[in-house]
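Colleague: Position one of the sequence shown corresponds to residue 2 (the numbering used here), numbered consecutively onward.
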Amino acid sequence: MQHRITLNPVGATLEAAHGAALKDILFEHSVEFPCGGQGRCRGCRVRTISGNLEINDAQRERLTEAELKDGWRLACQCHVEQDTTLELRQWDAAILTNETAFSFTPQDGIGVAVDIGTTTVVAQMLDMQTGAVLGVRTGLNPQARFGGDVMSRVQTAVAENGAQQLQEVILRQVGALLHQLTTSARVAPESVRRVSLVGNTVMHHLFCGIDLTPLSAYPFEPVNDGLQTMSAASLGWDSVPDAVIEFLPCMGGFVGSDILAGLLATGLHRFERPSLFVDLGTNGEIVVGNRDRILCASTAAGPAFEGARISMGMRAASGAIWKVARVGDSEEITCEVLGNAEPTGLCGSGLVDAVAVALELKQIKPGGRLIKGDSLPLRDPVEISQTDIRELQLAKGAIAAGIKILLKQWGTTSEDLEHIYLAGAFGNYIDRNSARRIGLLEFDPDRVQPVGNSALLGAKVALFAGEKGSDEQQEILSKSTHISLTADPEFQDIYVDCMGFHQPV
Ligand code: FES
């Protein structure tokens, strides 16, 4: 028997077989399952407007009685049993591309740069003679149905057949994007000469079929993370039959080729004075270095910046409060909502702003406790809870501590930095004053340069550079040392200190 599922606010209607897992159906409609559908994160909440969905123990544990009564369910725990109308909390994901100009040596043919993120995939096709962008295609990373963050992918990969499944879905997805690019731009498949891919270490290993077991346990060091070169035929990509496929090498630990590409894009490795590069996400990657020496590290910041594990958190999509500001010197606040919609939650940048404003208004103590009550109302019905503030403290503490430790180990200070680069989607939207106020990025906001999707720009640089590119990549790798932050004897003290909210200097 078939049932009809209507999705609000996207307005889509689809057919589903009786008993089908809602997770599989919604995944096709870009809904993400941050904990891989294990009923732990609440990230997949949907509200039943009409019809009914079952309630199980996992939902009783994760959802309040009021939420259950109001129709909220965890989509990953439900099956289709009747016609149902659902309100989705996540939709309309924004995916960053990069159109920044860069210098290159013209070459014949077409190239495609691909950034495989944990959540999204972006492919950009270029005319290698002129550098003109011929097309861009974006999509969600289909591995997300197996878990939202890199560690859940690693866990899936080390289980039986897991790695193969994860590899298959990403090869299919990138292959489909390449096919769409060549057909829409009407380029001959044979003219595509090169495809350069970048991604974090887990994406690199999964794509290339490299064993992830070493990344599943301490000391979390990959065994083979070098440049991988493949033929299109070996990947089953007949839309680019003659292309050389290259996945750029990783830098060490969880610091992948997306960060190497970020360095290629910013030129951090060419400056005399040290610079800082920070990529903010579920995993924060940090680099400090100059033309002589580069240190890199990653830190598990948790999903707070992406709105997950926050009681009313959501991705930067319609309905999300993404900016919170104080009205003059008063206690009144204003909230900006994405998509000009009624607010349904808040995304990472909204959370950072809200806490920064609350600190200004002395509603939060330096240790993180709310002065009054256990929640802060923003705009009805959105509020932040004490637990949300704790989640933010863990995330920002991990990043701030990572920066402090790398600066210390490199032997420099924030005043001496030539550039401070902030990469990634979150880095693009976050208010730098608020980031400073909460102690996430303790720098003069004017010194912080958002660089957007520097991974994609670096992949484009790599496309054009050919052999020279390999030399430049090798040069960066030979100067780089991967640091384990937790091995630093002062890590614990610095981390605890960074979790607090001190007045910025
Ligand atoms: S609770 Fe459903 S994906 Fe995490």
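Using N, Cα and C, we set each Cβ at its ideal position, and we do this for glycine too.
Can you name, in chain order, every residue of its own chain whose Cβ lies under 7 Å from the Cβ of residue 304, other than the five neighbours on each side?
Modeller: Here residue 304 refers to the residue found at position 303 when the sequence shown is read from its first residue. Result list for residue 304: 35, 149, 150, 283 and 310, in chain order.
Colleague: Examine the Cβ distances between the segment 440 to 449 and the segment 257 to 269 and report whether three or more of them are shorter than 8 Å.
Modeller: At 8 Å Cβ cutoff, the stretches do not touch.
Colleague: Reducing DSSP to helix, strand and coil, say where residue 1 ends up.
Modeller: Nothing can be reported for residue 1: it is not among the residues displayed for the chain, which extend from 2 to 506.
Colleague: Taking the straight line between their C-alpha atoms, what separation do you get for residue 113 and residue 287?
Modeller: If you number the sequence shown from 1, residue 113 lands on position 112. If you number the sequence shown from 1, residue 287 lands on position 286. Between residue 113 and residue 287, the C-alpha separation is close to 27 Å.
Colleague: From 290, 457 and 195, pick the residue whose C-alpha is nearest to that of residue 230; which is it?
Modeller: As a first step, residue 230 must be located in the sequence shown, where it is residue number 229. For residue 230, the nearest C-alpha among the options comes from 195.
Colleague: Assign residue 210 to one of two classes, buried (16 or more other C-beta atoms within 10 Å of its C-beta) or exposed (fewer than that).
Modeller: The residue you call residue 210 lines up with position 209 of the sequence shown. Flag for residue 210 reads exposed.
Colleague: For residue 231, which beta-bridge partners are listed by DSSP?
Modeller: As a first step, residue 231 must be located in the sequence shown, where it is residue number 230. Residue 231 pairs with 246.
Colleague: Residues in its own chain within less than 6 Å of residue 15 by CB, not counting five upstream and five downstream?
Modeller: Your numbering for residue 15 matches position 14 in the sequence shown. Within the same chain, residue 15 has close Cβ partners 6.
Colleague: Less than 7 Å between the CB of residue 79 and some heavy atom of the ligand FES, yes or no?
Modeller: By one-based count along the sequence shown, residue 79 stands at place 78. Flag unset: Cβ of residue 79 not near the ligand FES.
Colleague: Between residue 75 and the ligand FES, is there a pair consisting of the residue's CB and a ligand heavy atom that are separated by less than 7 Å?
Modeller: Mapped onto the sequence shown, residue 75 falls at position 74. Checking every heavy atom of the ligand FES against the Cβ of residue 75, one is found closer than 7 Å.
Colleague: Sort 108, 435 and 49 by Cα distance to residue 73 and report the nearest one.
Modeller: Taking the sequence shown and counting its residues from 1, the one referred to as residue 73 is at position 72. The shortest C-alpha separation from residue 73 is found at 49.
Colleague: Give me the DSSP bridge partner(s) of residue 479.
Modeller: The sequence position of residue 479 within the sequence shown is 478, counting from 1. Per DSSP, none; premise fails for residue 479.
Colleague: Excluding the five sequence neighbours on either side, which residues of its own chain have a C-beta within less than 6 Å of the C-beta of residue 93, listed in chain order?
Modeller: Translated into positions along the sequence shown, residue 93 becomes position 92. Note that residue 93 scores 44 on pLDDT, short of 50, meaning its location in the model is unreliable and no value can be drawn from it.
Colleague: Tell me, please, whether the segment 446 to 454 touches the segment 420 to 430 by the rule of three or more beta-carbon pairs shorter than 8 Å.
Modeller: Touching, per the Cβ criterion.
Colleague: Does the distance between the C-beta of residue 448 and the nearest non-hydrogen atom of the ligand FES fall short of 7 Å?
Modeller: Along the sequence shown, one-based indexing puts residue 448 at 447. Because no heavy atom of the ligand FES lies under 7 Å away, the Cβ of residue 448 does not count as near it: no.
Colleague: Rounded to whole angstroms, what's the CA-CA distance from residue 367 to residue 392? Just pull it up for me.
Modeller: For this step, residue 367 is matched to residue 366 along the sequence shown. For this step, residue 392 is matched to residue 391 along the sequence shown. Distance between the alpha carbons of residue 367 and residue 392 is about 15 Å.
Colleague: Measuring only the C-alpha atoms, how far is residue 146 from residue 19?
Modeller: On the sequence shown, residue 146 is found 145 positions in, with the first residue counted as 1. On the sequence shown, residue 19 is found 18 positions in, with the first residue counted as 1. One C-alpha to the other measures close to 21 Å.
Colleague: In terms of residues, what are the limits of the beta strand (DSSP E) holding residue 336?
Modeller: Counted from its first residue, the sequence shown places residue 336 at position 335. Residues 334 to 338.
Colleague: To the nearest angstrom, report how far apart residue 437 and residue 372 are at their CA atoms.
Modeller: Counting from one through the sequence shown, the residue named residue 437 turns up at place 436. Counting from one through the sequence shown, the residue named residue 372 turns up at place 371. If I take the Cα positions, the gap works out to 21 Å.
Colleague: If I measure Cβ to Cβ from residue 496 and keep anything under 6 Å in the same chain, skipping five residues before and after, which residues do I get?
Modeller: Here residue 496 corresponds to residue number 495 of the sequence shown, with the count starting at 1. Excluding positions up to five away in sequence, the list reads 398 and 402.
Colleague: If we count Cβ pairs, one from each stretch, closer than 8 Å, do we get three or more for the segment 161 to 168 versus the segment 131 to 139?
Modeller: Contact between the segment 161 to 168 and the segment 131 to 139 is absent, because fewer than three Cβ pairs lie under 8 Å.
Colleague: Evaluate residue 65 with the Cβ neighbour count: other Cβ atoms within 10 Å of its Cβ, from every protein chain shown; 16 or more gives buried, anything less gives exposed.
Modeller: Counting from one through the sequence shown, the residue named residue 65 turns up at place 64. Classification for residue 65: exposed.
Colleague: In chain order, which beta strand (DSSP E) runs of at least 3 residues are fully inside the segment 64 to 129?
Modeller: Entirely contained in the segment 64 to 129, the beta strand (DSSP E) runs reaching 3 residues are, in chain order, 73 to 75, 85 to 89, 111 to 117 and 121 to 128.
Colleague: Should residue 421 be labelled buried (16 or more other beta-carbon atoms within 10 Å of its own) or exposed?
Modeller: On the sequence shown, residue 421 is found 420 positions in, with the first residue counted as 1. The residue in question, residue 421, is buried, as its Cβ has 16 or more Cβ neighbours within 10 Å.
Colleague: Mind checking whether the beta-carbon of residue 34 lies closer than 7 Å to any heavy atom of the ligand FES?
Modeller: If you number the sequence shown from 1, residue 34 lands on position 33. Flag set: Cβ of residue 34 near the ligand FES.
Colleague: With a 10 Å radius around its C-beta and 16 neighbouring C-beta atoms as the bar for buried, classify residue 107 as buried or exposed.
Modeller: Locating residue 107 in the sequence shown gives position 106, where the first residue counts as 1. Per the 10 Å Cβ criterion, exposed.
Colleague: Straight-line CA distance for residue 333 to residue 327?
Modeller: Translated into positions along the sequence shown, residue 333 becomes position 332. Translated into positions along the sequence shown, residue 327 becomes position 326. In a straight line, the C-alpha of residue 333 is about 6 Å away from that of residue 327.
Colleague: Confirm the yes/no value for this check: CB of residue 43, any heavy atom of the ligand FES, distance under 7 Å.
Modeller: Counted from its first residue, the sequence shown places residue 43 at position 42. Answer for residue 43: yes, Cβ within range of the ligand FES.
Colleague: Rounded to a whole number of angstroms, what is the C-alpha to C-alpha distance between residue 302 and residue 44?
Modeller: Taking the sequence shown and counting its residues from 1, the one referred to as residue 302 is at position 301. Taking the sequence shown and counting its residues from 1, the one referred to as residue 44 is at position 43. Using only the alpha carbons, I get a separation of about 17 Å.
Colleague: If you draw a straight line from the alpha carbon of residue 191 to that of residue 245, how long is it in whole angstroms?
Modeller: Mapped onto the sequence shown, residue 191 falls at position 190. Mapped onto the sequence shown, residue 245 falls at position 244. Each residue's Cα considered, the two are about 11 Å apart.
Colleague: Flag residue 346 as yes when its Cβ comes closer than 7 Å to any non-hydrogen atom of the ligand FES, and as no otherwise.
Modeller: Your numbering for residue 346 matches position 345 in the sequence shown. Outside the cutoff, so no.
Colleague: Below 8 Å, can you find three or more Cβ-Cβ pairs linking the segment 404 to 416 to the segment 355 to 369?
Modeller: Counting Cβ pairs under 8 Å, fewer than three are found: no touch.
Colleague: Below 8 Å CB to CB, which residues in the same chain sit around residue 492 once its five sequence neighbours on both sides are set aside?
Modeller: Taking the sequence shown and counting its residues from 1, one reaches residue 492 at position 491. Within the same chain, residue 492 has close Cβ partners 402, 406 and 486.
Colleague: Answer with buried or exposed for residue 316, where buried requires no fewer than 16 other C-beta atoms within 10 angstroms of its C-beta.
Modeller: For this step, residue 316 is matched to residue 315 along the sequence shown. Buried: at least 16 other Cβ atoms inside 10 Å.
Colleague: Take the Cβ of residue 2 as the centre, count every other Cβ of all protein chains shown within 10 Å, and call the residue buried at 16 or more, exposed below.
Modeller: Your numbering for residue 2 matches position 1 in the sequence shown. When all chains shown are included, residue 2 counts as exposed.
Colleague: Taking the CB atoms as reference points, tell me whether residue 261 and residue 477 lie closer together than 8 Å.
Modeller: Looking up residue 261 in the sequence shown gives position 260. Looking up residue 477 in the sequence shown gives position 476. Taking 8 Å as the Cβ cut-off, residue 261 and residue 477 qualify as a contacting pair.
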